[in-house]
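Enquirer: Would you mind keeping the following structure in view while I ask a few things?
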Amino acid sequence: MLSVLTELIESVILTIITPIYGRPGSLLRWLYYRLKLKKCGGFFSSGMGFVMKGCDKICIGKGCVFSNNSIIAASESIIIGDNVIVGPHSV
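So, in structure tokens, the structure goes:
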């Protein structure tokens, strides 16, 4: 029951913060995902529509940029190094 409620709350939060444009949206997405990531080396910016799945298996370095509508998903452990740029509409 608790996990269903948690998933529902996370779904609502993502529905609200995913489409926010510009610096405020990027900051909100960073705050949300930083709490969920396995490791985050520093600030990363993300465009409108950015989604990350499997956060507990993802390590991100500092200075990464995720463009509009990019999706990062992990079923196994992955490491994204420093200063990586993921282009728009990438998966």
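In our numbering, the protein residues as written are 9 to 99.
Cβ coordinates follow ideal geometry from the N, Cα and C atoms, glycine included.
All values derive from a computational prediction rather than experimental measurement.
#1: Need the endpoints of the beta strand (DSSP E) that residue 59 sits in, please.
#2: What runs of the beta strand (DSSP E), each 3 residues or longer, lie entirely inside the stretch 33-91?
#3: Judging by CA-CA distance, which residue of 93, 41 and 81 is the nearest neighbour of residue 71?
#4: Quick check: the stretch 41-53 against the stretch 20-29, are there 3 or more CB pairs under 8 Å?
#5: Would you mind giving the Cβ-Cβ distance between residue 74 and residue 58, rounded to the nearest angstrom? I have them listed as a contact below 8 Å.
#6: Once DSSP output is grouped into helix, strand and coil, what is the label at residue 94?
#7: Tell me which residues share the same chain as residue 27 and place their Cβ nearer than 8 Å to its Cβ, disregarding the 5 neighbours each side in the sequence.
#8: Could you name the residues of the same chain whose beta carbon sits closer than 6 Å to that of residue 60, not counting the 5 residues immediately before and after it, in chain order?
#9: What residue from 53, 86 and 49 has the CA that sits closest to residue 78's CA?
Expert: Short version:
#1: Judged by DSSP secondary structure, residue 59 falls within the beta strand (DSSP E) whose first and last residues are 59-61.
#2: Entirely contained in the stretch 33-91, the beta strand (DSSP E) runs reaching 3 residues are, in chain order, 59-61, 66-68, 79-81 and 86-88.
#3: Taking only the C-alpha atoms, the option nearest residue 71 is 93.
#4: Counting Cβ pairs under 8 Å, fewer than three are found: no touch.
#5: Residue 58 and residue 74 do touch by the CB rule: their CB atoms are close to 5 Å apart, below 8 Å.
#6: If DSSP states are grouped into helix, strand and coil, residue 94 belongs with the strands.
#7: Cβ within range, chain order: 33, 56 and 57.
#8: If we look at residue 60 and ignore the five residues flanking it on each side, its Cβ neighbours are 41 and 80.
#9: For residue 78, the nearest C-alpha among the options comes from 53.
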